[in-house]
């Protein structure tokens with residue numbers, strides 16, 4: 001699944017399972033129209049760690065947040081419909 005591979009490449013995290021999917025949205029770049037879906041996932045944690053170690057790709061992301069499954073994360077952390085596109 002592309003989302004699992006992308007999560008590993010962009011955050012260094014290994015996805016154990018997908019818990020939920022936000023509604024997708026479209027945005028346009030110089031290359032055309034794209035559709036983006038955002039997921040809620042459970043990730044693997046190393047035996048010595050209390051929480052997984054995130055290594056963000058700075059060209060892809062600027063921050064992250066951990067949420068408890070009981071949190072109403074959809075209203076606490078709404079997904080933006082604007083996407084900044086980095087081009088070399």
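Residue numbers (my numbering): 1 to 88.
By construction, the Cβ of each residue, glycine as well, lies at the ideal position given by its N, Cα and C atoms.
Since this is a predicted model, take the numbers as computed values, not measurements.
Using the beta-carbon count (16 or more within 10 Å), is residue i buried or exposed?
i	result
residue 2	exposed
residue 11	buried
residue 19	exposed
residue 59	exposed
residue 15	buried
At what residues does the beta strand (DSSP E) containing residue i begin and finish?
i	result
residue 29	25–29
residue 17	15–21
residue 34	32–36
DSSP has residue i in a bridge; who is on the other side?
i	result
residue 59	Partner(s): none; residue 59 has no beta bridge.
residue 4	Paired residues: none, contrary to the question.
residue 43	15
Can you check which of these residues, the options, is closest to residue i by C-alpha distance?
i	options	result
residue 38	53, 60, 25, 69	25
residue 9	36, 46, 56	56
residue 52	67, 28, 22	67
residue 42	69, 36, 28	69
residue 17	73, 44, 75	44
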